[in-house]
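Novice: The sequence shown runs 1 to 922 under the UniProt record's numbering.
Built from N, CA and C at the ideal position, the CB exists for glycine as well.
Mind looking over this structure? Questions follow.
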Amino acid sequence: MKIRLLVSILCILFAGCALQQTNRALQPDQRWVTQTLPNGLTYHLYPDSEQEVSIRLYVHAGSMQETAQQAGYAHFIEHMAFNGTRHYQHNDVIRMFEQSGAQFGADFNALTGYDRTVYQLDLPNAQNIDKALLWFADIADGLAFDADEVEKEKGVILGEFRASRTENMSLEQQFYLHQIQGTSYADRDPLGSRELVQAATPDSLKAFYQQWYQPQLAELVITGNFTLEQGQQWVENYFSSWKKGTTEKPASIYHQALNNQDLVAPVTAGESPSLTLIFPQGSAAIKDYASQQEFWRDDVSEQLLHTRLGAAFNDAAQATTGIYASHYVVEGQRYTIISVGFAAEQREKVQALLLETLASVRDYGVTKNELDIIMRGYREHLTFLQEDREAITPASHANQKVYSIVFDEPIQATLDYQASLSKFIASATPEMINRHIQQQLSQKPMWVVGVAATEDAQALKNALPQWRNDFTQPGNQPINQQVDSPFTQQFTAGEVVKQLDINDEPQVTYWQLDNGIDVYYLRNIEAKDRVFVQYASSGGQFALPADLLPAAEIAPAVQTRSGLDTLNGSQFDRYLRQKDIGFYSYIASTSHGFEANSKAQELPELLEILHLLSTQVKVSPDQLNSVKTEFTQNRSTYFDSPIGTFIREVSHQSFIEGSPYRMRTPEQVAQVTAQQIEEVHQRLFSEGRNNTLVIVGDIERSQITPMLRQYVASLPLTKGTLSPMTSQLLKPVVPRLELALNNENSTQYSLRLLSETQPRTAKTVFIDDMLQRIATQRLLTEVREHQGLDYTPQVIPYVVDGDILNDWILSALVDPKNEPQVAKVMHEVANELAQGVTQQEWDIVKQKFLIDMKTLEKSPAQQAYTVVRYAIHHYGIEAIYKFEEMTQSITLSEVNQRAQALFGKDTMSQELIMTPKANPKG
Numbered sequence: 001m002k003i004r005l006l007v008s009i010l011c012i013l014f015a016g017c018a019l020q021q022t023n024r025a026l027q028p029d030q031r032w033v034t035q036t037l038p039n040g041l042t043y044h045l046y047p048d049s050e051q052e053v054s055i056r057l058y059v060h061a062g063s064m065q066e067t068a069q070q071a072g073y074a075h076f077i078e079h080m081a082f083n084g085t086r087h088y089q090h091n092d093v094i095r096m097f098e099q100s101g102a103q104f105g106a107d108f109n110a111l112t113g114y115d116r117t118v119y120q121l122d123l124p125n126a127q128n129i130d131k132a133l134l135w136f137a138d139i140a141d142g143l144a145f146d147a148d149e150v151e152k153e154k155g156v157i158l159g160e161f162r163a164s165r166t167e168n169m170s171l172e173q174q175f176y177l178h179q180i181q182g183t184s185y186a187d188r189d190p191l192g193s194r195e196l197v198q199a200a201t202p203d204s205l206k207a208f209y210q211q212w213y214q215p216q217l218a219e220l221v222i223t224g225n226f227t228l229e230q231g232q233q234w235v236e237n238y239f240s241s242w243k244k245g246t247t248e249k250p251a252s253i254y255h256q257a258l259n260n261q262d263l264v265a266p267v268t269a270g271e272s273p274s275l276t277l278i279f280p281q282g283s284a285a286i287k288d289y290a291s292q293q294e295f296w297r298d299d300v301s302e303q304l305l306h307t308r309l310g311a312a313f314n315d316a317a318q319a320t321t322g323i324y325a326s327h328y329v330v331e332g333q334r335y336t337i338i339s340v341g342f343a344a345e346q347r348e349k350v351q352a353l354l355l356e357t358l359a360s361v362r363d364y365g366v367t368k369n370e371l372d373i374i375m376r377g378y379r380e381h382l383t384f385l386q387e388d389r390e391a392i393t394p395a396s397h398a399n400q401k402v403y404s405i406v407f408d409e410p411i412q413a414t415l416d417y418q419a420s421l422s423k424f425i426a427s428a429t430p431e432m433i434n435r436h437i438q439q440q441l442s443q444k445p446m447w448v449v450g451v452a453a454t455e456d457a458q459a460l461k462n463a464l465p466q467w468r469n470d471f472t473q474p475g476n477q478p479i480n481q482q483v484d485s486p487f488t489q490q491f492t493a494g495e496v497v498k499q500l501d502i503n504d505e506p507q508v509t510y511w512q513l514d515n516g517i518d519v520y521y522l523r524n525i526e527a528k529d530r531v532f533v534q535y536a537s538s539g540g541q542f543a544l545p546a547d548l549l550p551a552a553e554i555a556p557a558v559q560t561r562s563g564l565d566t567l568n569g570s571q572f573d574r575y576l577r578q579k580d581i582g583f584y585s586y587i588a589s590t591s592h593g594f595e596a597n598s599k600a601q602e603l604p605e606l607l608e609i610l611h612l613l614s615t616q617v618k619v620s621p622d623q624l625n626s627v628k629t630e631f632t633q634n635r636s637t638y639f640d641s642p643i644g645t646f647i648r649e650v651s652h653q654s655f656i657e658g659s660p661y662r663m664r665t666p667e668q669v670a671q672v673t674a675q676q677i678e679e680v681h682q683r684l685f686s687e688g689r690n691n692t693l694v695i696v697g698d699i700e701r702s703q704i705t706p707m708l709r710q711y712v713a714s715l716p717l718t719k720g721t722l723s724p725m726t727s728q729l730l731k732p733v734v735p736r737l738e739l740a741l742n743n744e745n746s747t748q749y750s751l752r753l754l755s756e757t758q759p760r761t762a763k764t765v766f767i768d769d770m771l772q773r774i775a776t777q778r779l780l781t782e783v784r785e786h787q788g789l790d791y792t793p794q795v796i797p798y799v800v801d802g803d804i805l806n807d808w809i810l811s812a813l814v815d816p817k818n819e820p821q822v823a824k825v826m827h828e829v830a831n832e833l834a835q836g837v838t839q840q841e842w843d844i845v846k847q848k849f850l851i852d853m854k855t856l857e858k859s860p861a862q863q864a865y866t867v868v869r870y871a872i873h874h875y876g877i878e879a880i881y882k883f884e885e886m887t888q889s890i891t892l893s894e895v896n897q898r899a900q901a902l903f904g905k906d907t908m909s910q911e912l913i914m915t916p917k918a919n920p921k922g
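If you want it as structure tokens, here you go:
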């Protein structure tokens with residue numbers, strides 16, 4: 001997606017010159033080597049210096065290649081690649097590659113579409129490349145189609161139907177089916193039909209396989225740690241014996257006109273009513289400068305519209321359940337989408353404000369300042385283009401090549417991309433962008449109306465002509481609300497008590513401030529010219545009395561939208577965007593704080609804002625009411641859905657009155673006052689409870705100390721307290737909670753395992769992560785591979801830092817008649833986990849865990865979050881940068897002790913079962 005965005009940005013950059021120069025094709029990246037074997041197999045190699053190796057096998061066969069009697073066969077064959085081949089029996093291939101550190105599981109390693117089936121594998125290194133290529137060669141012409149495996153896999157595929165082909169469709173699903181009406185997509189669902197899947201036999205599947213799995217219909221992609229000569233030899237060794245066939249390569253399917261008519265349709269349970277305007281933008285393929293520049297112009301326009309809409313609704317204190325402007329792609333066609341959700345009774349107000357705002361931008365455009373803020377991202381992208389290209393992983397290279405095969409578009413050379421991007425930036429003036437926005441919004445859009453059960457669909461349909469007319473009316477000229485000198489408060493600097501360099505690689509510096517705040521700075525070149533900041537303390541909702549918990553649900557949103565110092569909410573938002581500062585506040589169960597990022601040179605402004613947000617809170621009555629209205633609509637909509645009703649019941653029957661873990665109701669939040677918002681802020685942000693500031697960046701640490709004195713050491717803090725954590729559970733735990741709520745003909749079965757232990761240490765956090773991986777693999781093996789009961793069984797631990805409660809859930813979505821069977825399997829898996837894990841399982845998961853932990857160094861934002869989390873909960877931050885040492889220190893005995901505590905005889909178990917309603921379609 002990063003590459004795609006870059007390509008799109010370049011397109012926009014060249015847009016201004018498109019009229020002045022002859023359009024030409026994008027120049028392909030010459031580092032890709034494409035060749036063809038004598039049997040017709042096309043292969044693409046991208047040798048790189050990265051350790052990883054990624055492989056993709058692209059077969060030009062999907063549901064479009066099926067006959068009416070073969071519906072679902074392409075997808076079925078994809079599944080069979082993991083159930084026995086010439087060299088790998090049953091699921092042996094899954095075990096083998098897990099041992100090598102590769103990730104296997106539902107949706108990770110293959111996909112089937114209308115015109116393709118793609119197999120993929122990402123290896124941490126080239127050590128097991130021969131085993132990998134042997135499997136890919138088996139996919140080509142060595143699938144086993146064992147009769148027992150075929151029968152078991154039918155249950156797994158039917159599980160996919162249950163999960164993704166629901167009878168109660170979301171508005172998005174309805175709109176997709178609406179768009180493909182009258183095309184060949186309409187009756188070629190890649191999953192096929194349940195009946196034909198159940199009727200499939202090894203012979204019928206094999207007939208499709210032999211017709212379409214032929215080398216002239218396939219493309220192989222290999223990227224990563226190898227030389228060109230090695231890659232060519234691998235392909236020759238493993239694929240030259242694949243016999244050429246006679247089936248012709250299918251033509252492209254991405255030329256079909258989609259249905260662009262309006263749609264008025266009901267929203268399903270859990271959705272809010274909405275209005276969406278969709279503007280067709282043509283083909284999604286980017287093959288030349290003109291299409292590239294057009295994509296960028298659209299992207300800039302969409303960002304500007306998104307920002308202006310957010311400001312307009314904030315200024316009006318108008319509640320919504322979400323508002324956005326963006327782009328999306330459907331079957332090779334690209335669209336600009338502008339959408340807003342709301343409560344049904346707010347439809348008239350919301351729609352009027354939406355249309356008025358769009359008309360204003362259409363007729364009067366945006367300011368230079370607004371455009372500069374958006375273009376800053378393009379300029380930064382150009383600055384770091386070479387670094388970003390060099391940082392692309394083999395997996396991303398391979399996925400990019402697959403995308404280019406799908407849409408028959410080139411992967412652009414870096415210098416060509418750079419030139420295009422440079423010209424686009426130079427040409428993206430307010431005049432050019434405003435003309436483009438005017439052209440965009442002057443098109444005839446599709447209107448998609450999501451209708452609530454309380455609304456009259458026909459009346460709304462009849463109103464469409466009037467809404468279209470309203471949209472054509474002249475817009476109002478906006479008032480310039482630019483703010484130059486935002487903050488007036490002055491404060492006295494504090495002192496640094498201690499400064500220590502506590503680690504060399506990575507460089508970690510520690511400061512202790514005289515108000516008790518601990519500060520950590522991690523130097524990370526991956527931060528480039530930005531800094532990533534976390535300021536937090538322990539406490540959160542557990543530091544508040546029960547009567548303030550409803551206020552804590554909405555306090556961060558109220559504070560942000562009410563503004564800061566002399567600025568109202570939209571002015572504050574504009575100031576942050578102008579300074580390129582991202583700010584987010586939160587109140588979690590056992591922690592609260594702010595996370596932020598900015599350019600390194602804006603760090604003083606960022607810390608000034610942090611100081612002001614920590615020491616003052618504005619509460620606008622209008623914004624308080626707006627936030628409460630939004631919460632009420634969102635929570636009511638969720639509670640009206642089957643899963644929302646179920647979770648609410650589980651919450652209320654699990655936790656004591658006044659527990660932070662109990663879900664707050666709309667009625668509770670509706671009673672929140674401004675005084676309660678202020679009291680929540682005072683209790684959490686003026687009291688010190690292990691307060692910690694973390695900065696991750698690539699600047700000299702000497703530059704940080706003066707800022708700490710001025711903005712952080714000056715924070716006034718009184719000593720806060722935290723009571724010892726106590727049980728939040730209602731005891732005795734109800735052993736079985738079964739509710740007939742599902743509006744689909746399926747049963748959600750969950751086995752819940754509850755235990756109370758001492759709050760976790762860094763070591764137990766690591767162990768829990770790895771136990772979840774082992775538990776997931778065992779559940780996947782039993783529920784999916786051995787029993788064929790569900791497509792994606794899950795293991796979900798709900799464990800809060802600092803708390804004594806361990807709340808683990810093993811869950812599957814099954815055919816109602818299979819509930820007893822899945823319940824038996826779940827209990828067996830839990831009991832076996834209590835007996836412990838094997839040394840082999842531990843060695844395998846430890847390897848994968850270490851690979852994943854190393855990626856933390858590539859994400860400064862995630863690194864900052866993890867460090868502050870480990871600091872405030874007393875895990876010790878050294879576990880983050882010495883993760884390998886910590887992981888290797890964990891013994892199998894410690895792992896099994898933890899497994900016994902989580903899944904053993906002292907665990908409280910509970911069955912949570914959501915069964916179909918008497919009339920599941922209702």
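Please list, in chain order, all residues of the same chain as residue 960 whose beta carbon is under 7 Å from its beta carbon, the five residues on each side excluded.
Specialist: Here the chain covers residues 1 to 922 and nothing more, so residue 960 does not appear.
Novice: Would you mind listing the alpha helix (DSSP H) stretches within the region 109–167 that are 4+ residues and don't spill past its ends, in chain order?
Specialist: 129–141 and 147–164
Novice: Within its chain, find whatever has a CB closer than 6 Å to the CB of T268; leave out the 5 residues flanking it on each side and keep chain order.
Specialist: N168 and S170
Novice: Taking only runs of the beta strand (DSSP E) that begin and end inside the region 551–633, which ones reach a length of at least 3 residues, in chain order?
Specialist: 582–587 and 591–599
Novice: Terminal residues of the continuous beta strand (DSSP E) containing W467?
Specialist: W467: not part of any beta strand (DSSP E); member of the alpha helix (DSSP H) spanning A457 to T472, first to last residue.
Novice: Sorted by chain position, which residues of the same chain lie with C-beta nearer than 6 Å to I796's C-beta, five sequence neighbours on each side aside?
Specialist: I809
Novice: Using the rule of at least 16 other Cβ atoms within 10 Å of the residue's Cβ for burial, across every protein chain shown, is R778 buried or exposed?
Specialist: buried
Novice: For I157, I'd like the list of residues in its chain whose CB is within less than 8 Å of its CB, leaving aside the five on either flank, ordered along the chain.
Specialist: Non-local beta-carbon contacts of I157 in its own chain, meaning distances under 8 Å to residues more than five positions away in sequence, involve G72, H75, F76, H79, L191, V197 and Y791 in chain order.
Novice: Quick test of your reading: V496 and R709, contact by CB under 8 Å. State the CB separation rounded to the nearest angstrom.
Specialist: 6 Å
Novice: Looking at the unbroken alpha helix (DSSP H) that takes in G231, where does it start and where does it end?
Specialist: Where G231 is concerned, the enclosing alpha helix (DSSP H) stretches over L228 to F239.
Novice: In chain order, what residues of the same chain lie with their CB nearer than 6 Å to the CB of Y661, ignoring the 5 residues before and after it?
Specialist: F655 and Q728
Novice: Hey, could you find the ends of the alpha helix (DSSP H) D372 is sitting in?
Specialist: K368 to T383
Novice: Can you check whether the CB of Y881 is closer than 9 Å to the CB of L522?
Specialist: yes
Novice: Name the DSSP beta bridge partners of T915, please?
Specialist: According to DSSP, T915 bridges with A740.
Novice: List the whole-angstrom C-beta distance separating V402 from L228, where the pair is believed to meet the contact cut-off of C-beta under 8 Å.
Specialist: The pair is not a contact, with the Cβ atoms about 20 Å apart (cut-off 8 Å).
Novice: Closest to E406 by CA distance: which of W135, Y88, P250 and L833 is it?
Specialist: Note that residue 406 is Val in the sequence shown here, rather than Glu. Checked all of W135, Y88, P250 and L833; the closest Cα to V406 is P250.
Novice: Give the secondary structure of N225 by DSSP, where H, G and I count as helix, E and B as strand, and everything else as coil.
Specialist: strand
Novice: Taking all protein chains shown into account, do 16 or more other C-beta atoms lie within 10 angstroms of the C-beta of Q21, making it buried, or fewer, making it exposed?
Specialist: In this prediction, Q21 has a pLDDT of 49, which is less than 50 and means its spatial position is unreliable; what the coordinates show is noted afterwards. With fewer than 16 Cβ atoms within 10 Å of its Cβ, Q21 is classed as exposed.
Novice: With burial defined as no fewer than 16 other Cβ atoms inside 10 Å of the residue's Cβ, what is the status of T429: buried or exposed?
Specialist: exposed
Novice: Check each candidate in I774, S811 and H786 and name the one with the smallest Cα separation from V837.
Specialist: I774
Novice: Could you check if E553 is buried or exposed, using at least 16 other CB atoms within 10 Å of its CB as the buried criterion?
Specialist: Buried: at least 16 other Cβ atoms inside 10 Å.
Novice: DSSP on A316, reduced to helix/strand/coil?
Specialist: coil
Novice: One question on the structure: do residue 962 and L544 come within less than 9 Å of each other, judged by their Cβ atoms?
Specialist: The structure shown does not extend to residue 962, since the chain is modelled only from 1 through 922, so no value can be given for it.
Novice: What span of residues does the beta strand (DSSP E) with K498 cover, start to end?
Specialist: Its beta strand (DSSP E) spans residues V496 to N503.
Novice: Taking all protein chains shown into account, decide if Y798 is buried (16 or more other Cβ within 10 angstroms of its Cβ) or exposed.
Specialist: exposed
Novice: Buried or exposed for D107, please, with buried defined as at least 16 other CB atoms from any protein chain shown within 10 angstroms of its CB.
Specialist: At D107, the pLDDT of 49 sits below 50, so the modelled position is not reliable; the number obtained from the coordinates is stated separately. So D107 ends up on the exposed side.
Novice: Count the C-beta pairs between the region 845–865 and the region 898–907 that are closer than 8 Å, then say yes if the count reaches three, no if not.
Specialist: no
Novice: Spatial neighbours of A871 within its chain, please: C-beta separation below 8 Å, excluding the five flanking residues on both sides.
Specialist: D518, Y520, N690, T692, V694 and I877
Novice: Would you call D843 buried or exposed, if buried means 16 or more other Cβ atoms sit within 10 Å of its Cβ?
Specialist: exposed
Novice: Note down, in chain order, each residue of its chain lying with its Cβ closer than 7 Å to the Cβ of A830, except the 5 sequence neighbours on either side.
Specialist: L751, L753, L810 and F903
Novice: Would you list the one or two residues that DSSP bridges to M446?
Specialist: According to DSSP, which records beta bridges pairwise, M446 is partnered with I278.
Novice: For a test of the three-state rule: what should DSSP assign to G475, helix, strand or coil?
Specialist: coil
Novice: Can you pull the DSSP bridge partners for L806?
Specialist: Contrary to the premise, residue 806 reads as Asn rather than Leu in this sequence. Answer by DSSP bridge pairing, in chain order: S755 and V799.
Novice: By DSSP's criteria, E687 is part of a beta bridge. Which residues make up the other side?
Specialist: T718
Novice: Which residues does DSSP list as the beta-bridge partners of R530?
Specialist: Its beta-bridge partners are K599.
Novice: How many Å lie between G697 and A600 at the Cα?
Specialist: 8 Å
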